[in-house]
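Asks: The structure follows.
2 protein chains.
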Amino acid sequence: MTAIAPHALPGPVLVIGCGLIGTSVGLALRAHDVEVLLLDALPANVEVAESRGAGRAFVDDVVPHLVLVAVPPVAAAAVVTEALARWSDAFVTDVTSVKAGLQRAVAAAQGSDRYVGGHPMAGSERSGPMAASAQLFEGRPWAVTPSPESRPAALDVVVDLALHLGAVPIIMEAAAHDRAVALVSHVPQVMSTLTAARLNDAEGNSLALAGPGLRDTTRIAASDSALWLDILGTNAQDVRSVLELVRDDLDRVIKSLGEDDEALGTVLESGRRGTDLIPGKHGSQPDRLDSVHVQVADRPGELSRLMSDTGASGVNIEDLRLDHDLGRPVGLAEIAVARGVGDDLVAALTARGWTAYR
Amino acid sequence: MTAIAPHALPGPVLVIGCGLIGTSVGLALRAHDVEVLLLDALPANVEVAESRGAGRAFVDDVVPHLVLVAVPPVAAAAVVTEALARWSDAFVTDVTSVKAGLQRAVAAAQGSDRYVGGHPMAGSERSGPMAASAQLFEGRPWAVTPSPESRPAALDVVVDLALHLGAVPIIMEAAAHDRAVALVSHVPQVMSTLTAARLNDAEGNSLALAGPGLRDTTRIAASDSALWLDILGTNAQDVRSVLELVRDDLDRVIKSLGEDDEALGTVLESGRRGTDLIPGKHGSQPDRLDSVHVQVADRPGELSRLMSDTGASGVNIEDLRLDHDLGRPVGLAEIAVARGVGDDLVAALTARGWTAYR
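Residue numbers (our numbering), protein chains in the order written: chain A, 1 to 358; chain B, 1001 to 1358.
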């Protein structure tokens, strides 16, 4: 992806709310020498954030260029509105995870054209300023949700902020954003919770059998319940719509288990296809590999000969798949190799008598 | 923890089914210089496994000491039964993920006292011999499920196999195993699938907002659907029981979203508590069990004698762990029993000549 050179971000940036996100923003901006001021209802949070190098405590006579509101969702509308009123030249953004309701709440306020919402898709099951990190946003999407009333300059400054933090700004409408996070964040959170909740029923040493699959699927269920109560409450309608579809599928699974393999298989396949849609699922694997197809006769030793010929060509096999099409005299092997060397391998194998192609 | 040295594992070990698990077993055993023979309905799989160093292709005149059946679940009973009949001195084990039905199916067969089921809690969303690794089982639980009819020597050899592979053998009843895997593996798989299935509904660039939470919760949904159809089908009843409780919670969430924070908070908290119970997460065992330590001489049959003496004392074994410590003549078994009966077990075992303590 081409990178956009961010403009210099003029400070000072006032961070209101020195939790995980606010303090991480402060740390990352300080690494760019942007002036950062810190404010929090709990003075202890400011102290911790300041001691970690995220900026300095706010003093009254400083006028911020940009205010970043990183308070709990329920408080966000009031704090954004207050910031717009108090600093009449400042741009204001926030980081709460649900955007449409907040945008509506702010729309009536004086100066709402200086407000553009934001939502970094980064977090941790840990919270608070001690868990903060300047790298928290590196490579992560940062949704930016201007309203039709937002000034272009306000949008620019929020995009620049995201770029300064190493994030990838993704501009979308607030309502579309909320439907998207229901799907990629809020519903997965509920599903993780529902999975983990059942572990309370475990007998004896059952949980000694836990493997990485259980740990992965339940990791986010360890997150702060109060925060999630808040997030889910503010996006209740979109989350409910998705969960009702989940319930339909769940009913289908319960009904078809051990009874109707076709129905159960349809749900399993639908899940498998869903994972294919997640960008960057394999790291960057899809782009990192070339595929080479080779015809292989159904005779003992052919596959070994293919692997040995591939090895002799100096190309490293990253993956090898076979089409198990029983009864055909010739099968197809798909060899994945590092990007850029696929053509070399085709040439080398062809020279040794194989039918190979990309 | 002190550990029991695994006895030398006498070969040859015949691996039937050269997929991910079978080939990984072969690779790990070859690293211990155990003779490994490979058999698969697809000769191509044997070729790949052999070329990777997992053993050599089976030839008819070799008599295996141990047969490890690593075929798809639906085929396991037939292959285990056939192996017991064909090699009348061999011990037989398997690696399928559901145990009670298979144990019942094998019980009637000639030589079923030479069979002890097993289930390594290890895998990958990739499959096939190319994905195999000698390290696949390192530190992972390996459930070992003897039946009341199993010969002590058969249990010993399967425990030794698990120890050779670097796994932690956990001896439990087949039915308890199946309830446990419904909870820690099969239901998480379904939940991951249901979460991922919804991604097919995503609009526009919604999925650009995907973060690590989504990736973690949906990773296992990318697994082979056919294999999971098979696994879920063989454990349908236990999986259904858990999923019905999940549905109750899901209904509660759908109903309380944005309406009843107390009800929603109760579910979220229950999930958070559930994650605390996963062993290894905070490094401590749930505290509802008593631990009893017993010195065990490194002689064949000692472990079986310990289990039989424990059984005779009327105490139910919830968990039994052994670890590696090569070269020590005496090892330590840690037996977990229900809270409050640990002292009784120590007394009973001491009376029978064991060195046991809490």
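Ideal Cβ placement from N, Cα and C applies to all residues, glycine included.
Compare the C-alpha of residue 1138 of chain B against each of B/1305, B/1024 and B/1214 and name the closest.
Replies: Position 138 of the second sequence, counted from the start, is the residue given in the question as residue 1138 of chain B. Selection B/1305, B/1024 and B/1214 evaluated against residue 1138 of chain B yields B/1024 as nearest (Cα-Cα).
Asks: Under 8 Å, do residue 274 of chain A and residue 1214 of chain B count as touching if we go by C-beta distance?
Replies: Counting from 1 along the first sequence, the entry for residue 274 of chain A is found at position 274. Counting from 1 along the second sequence, the entry for residue 1214 of chain B is found at position 214. Not a contact, by the Cβ cut-off of 8 Å.
Asks: What would DSSP say about residue 26 of chain A, mapped onto helix, strand or coil?
Replies: Here residue 26 of chain A is taken as the residue at index 26 of the first sequence, counted from 1. When secondary structure is reduced to three states using DSSP, residue 26 of chain A falls in the helix class.
Asks: Counting only beta-carbon separations shorter than 8 Å, does residue 159 of chain A have a partner in chain B?
Replies: Taking the first residue of the first sequence as 1, we reach residue 159 of chain A at position 159. Residue 159 of chain A does not count as touching chain B.
Asks: Going by DSSP, name the residue or residues bridged to residue 1142 of chain B.
Replies: Counted from its first residue, the second sequence places residue 1142 of chain B at position 142. For residue 1142 of chain B, which the question treats as bridged, DSSP gives the partners B/1120 and B/1169.
Asks: Is it true that the CB of residue 1120 of chain B sits closer than 8 Å to the CB of residue 1140 of chain B?
Replies: Counting from 1 along the second sequence, the entry for residue 1140 of chain B is found at position 140. Counting from 1 along the second sequence, the entry for residue 1120 of chain B is found at position 120. Yes. Within cutoff.
Asks: Quick one: does residue 220 of chain A have its CB under 8 Å from some CB of chain B?
Replies: Position 220 of the first sequence holds residue 220 of chain A. Judged by the 8 Å Cβ criterion, residue 220 of chain A is in contact with chain B.
Asks: Which residues does DSSP pair with residue 198 of chain A in a beta bridge?
Replies: Locating residue 198 of chain A in the first sequence gives position 198, where the first residue counts as 1. Answer is none; residue 198 of chain A lacks a bridge partner.
Asks: Would residue 1132 of chain B pass as an interface residue toward chain A - the criterion being a Cβ-Cβ separation below 8 Å?
Replies: By 1-based counting over the second sequence, the position of residue 1132 of chain B is 132. By this cut-off, residue 1132 of chain B is not an interface position.
Asks: Using only the alpha-carbon positions, how far apart do residue 111 of chain A and residue 84 of chain A sit?
Replies: One-based indexing of the first sequence puts residue 111 of chain A at position 111. One-based indexing of the first sequence puts residue 84 of chain A at position 84. So the alpha carbons of these two residues sit roughly 6 Å apart.
Asks: Considering Cα atoms alone, identify which of A/191, A/46, A/351 and A/344 is closest to residue 1267 of chain B.
Replies: Residue 1267 of chain B sits at position 267 when you count from the first residue of the second sequence. Nearest option by C-alpha distance: A/191.
Asks: Should residue 44 of chain A go down as buried or exposed, given a rule of 16 or more other Cβ atoms within 10 Å for buried?
Replies: Counting from one through the first sequence, the residue named residue 44 of chain A turns up at place 44. Flag for residue 44 of chain A reads exposed.
Asks: Taking CB distances under 8 Å as the criterion, tell me whether residue 1090 of chain B reaches chain A.
Replies: Taking the second sequence and counting its residues from 1, one reaches residue 1090 of chain B at position 90. Chain A has no Cβ within less than 8 Å of the Cβ of residue 1090 of chain B.
Asks: Pick from A/38, A/358, A/242 and A/264: whose alpha carbon is nearest that of residue 252 of chain A?
Replies: As a working note, residue 252 of chain A is residue 252 in the first sequence. The shortest C-alpha separation from residue 252 of chain A is found at A/264.
Asks: In the region 247-276 of chain A, which residues sit with their C-beta less than 7 Å from some C-beta in chain B, listed in chain order?
Replies: 247, 249, 250, 253, 254, 257, 258, 261, 264, 265, 267, 268, 269, 270, 271, 272, 273, 274 and 275
Asks: Identify which residue in A/142, A/172 and A/55 has its Cα closest to the Cα of residue 1203 of chain B.
Replies: For the purposes of this step, residue 1203 of chain B is identified with residue 203 of the second sequence, where counting begins at 1. The option with the nearest alpha carbon to residue 1203 of chain B is A/172.
Asks: Assign residue 1035 of chain B to one of three DSSP states: helix, strand, or coil.
Replies: Sequence index remark: in the second sequence, residue 1035 of chain B carries index 35 (1-based). Here residue 1035 of chain B sits in coil by DSSP.
Asks: Hey, is residue 1214 of chain B's beta-carbon within less than 8 Å of any beta-carbon in chain A?
Replies: Along the second sequence, one-based indexing puts residue 1214 of chain B at 214. Nearest CB-CB separation between residue 1214 of chain B and chain A: below the 8 Å threshold.
Asks: Just how far apart, CA to CA, sit residue 283 of chain A and residue 334 of chain A?
Replies: Residue mapping note: residue 283 of chain A aligns to position 283 of the first sequence, counting from 1. Residue mapping note: residue 334 of chain A aligns to position 334 of the first sequence, counting from 1. Residue placement at residue 283 of chain A is flagged as unreliable, the pLDDT there being 36, under the threshold of 50; the coordinate-derived value follows with that caveat. Using only the alpha carbons, I get a separation of about 21 Å.
Asks: What is the DSSP secondary structure of residue 1328 of chain B, reduced to helix, strand or coil?
Replies: Taking the second sequence and counting its residues from 1, the one referred to as residue 1328 of chain B is at position 328. Any reading at residue 1328 of chain B needs caution, since the residue's pLDDT is 46, under 50, leaving its predicted position unreliable; the model's value is listed next. Correct three-state label for residue 1328 of chain B: coil.
Asks: Counting contacts by CB-CB distance shorter than 8 Å, is residue 138 of chain A in contact with chain B?
Replies: Locating residue 138 of chain A in the first sequence gives position 138, where the first residue counts as 1. For residue 138 of chain A, the answer is no, since every Cβ of chain B falls outside 8 Å of its Cβ.
Asks: If you compare alpha carbons, which of A/310, A/34 and A/309 is closest to residue 11 of chain A?
Replies: Reading the first sequence from its first residue, position 11 is the one you call residue 11 of chain A. For the residues A/310, A/34 and A/309, the minimum Cα distance to residue 11 of chain A belongs to A/34.
Asks: Compare the C-beta of residue 19 of chain A against all C-beta atoms of chain B and say whether one is closer than 8 Å.
Replies: Numbered from its first residue, the first sequence carries residue 19 of chain A at position 19. Not one chain B Cβ lies under 8 Å of residue 19 of chain A.
Asks: Can you list the residues of chain A that residue 1228 of chain B reaches, using a CB-CB cut of under 7 Å?
Replies: Within the second sequence, the letter at position 228 stands for residue 1228 of chain B. Chain A residues near residue 1228 of chain B: 268.
Asks: So, helix, strand or coil for residue 151 of chain A, using DSSP?
Replies: For this step, residue 151 of chain A is matched to residue 151 along the first sequence. DSSP places residue 151 of chain A in coil when its eight states are reduced to three.
Asks: DSSP on residue 16 of chain A, reduced to helix/strand/coil?
Replies: Looking up residue 16 of chain A in the first sequence gives position 16. Of the three classes helix, strand and coil, the one that applies to residue 16 of chain A here is strand, per DSSP.
Asks: Would you report the Cα separation of residue 241 of chain A and residue 1250 of chain B, rounded to the nearest angstrom?
Replies: Translated into the one-based positions of the first sequence, residue 241 of chain A becomes position 241. Translated into the one-based positions of the second sequence, residue 1250 of chain B becomes position 250. Cα-Cα distance, rounded: 13 Å.
Asks: Less than 8 Å between CB atoms is the rule here; does residue 1188 of chain B satisfy it with respect to chain A?
Replies: Here residue 1188 of chain B refers to the residue found at position 188 when the second sequence is read from its first residue. Yes, residue 1188 of chain B counts as interfacial toward chain A.
Asks: Can you list, in chain order, the residues of its chain whose CB lies under 6 Å from that of residue 1146 of chain B, leaving out five sequence neighbours each side?
Replies: Here residue 1146 of chain B refers to the residue found at position 146 when the second sequence is read from its first residue. Excluding residues within five positions, the ones whose Cβ falls inside 6 Å are 1116 and 1155.
Asks: Would you mind working out which of B/1236, B/1332 and B/1013 sits nearest residue 1032 of chain B, comparing C-alpha positions?
Replies: As a position in the second sequence, residue 1032 of chain B is number 32, starting the count at 1. Residue 1032 of chain B has its Cα closest to that of B/1013, out of B/1236, B/1332 and B/1013.
Asks: Comparing the C-beta of residue 1350 of chain B with each C-beta of chain A, is any distance below 8 Å?
Replies: Locating residue 1350 of chain B in the second sequence gives position 350, where the first residue counts as 1. So no, residue 1350 of chain B is outside the interface.
Asks: Please work out which residues of its chain come closer than 8 Å, Cβ to Cβ, to residue 50 of chain A, disregarding the five sequence neighbours upstream and downstream, and give them in chain order.
Replies: Within the first sequence, residue 50 of chain A is the residue found at index 50, counting from 1. 38, 56 and 57, listed in sequence order.
Asks: So, does the CB of residue 225 of chain A fall closer than 8 Å to a CB anywhere in chain B?
Replies: In the first sequence, residue 225 of chain A corresponds to position 225, counting from 1. For residue 225 of chain A, the answer is yes, since a Cβ of chain B falls inside 8 Å of its Cβ.
Asks: In chain order, what residues of the region 194-209 of chain A put their CB closer than 8 Å to some CB of chain B?
Replies: 194, 195, 196, 197, 198, 199, 200, 201, 202, 203, 204, 205, 206, 207, 208 and 209
Asks: Straight-line CA distance for residue 1053 of chain B to residue 100 of chain A?
Replies: Numbered from 1 along the second sequence, position 53 holds the residue referred to as residue 1053 of chain B. Numbered from 1 along the first sequence, position 100 holds the residue referred to as residue 100 of chain A. Spanning the two alpha carbons is a distance of roughly 58 Å.
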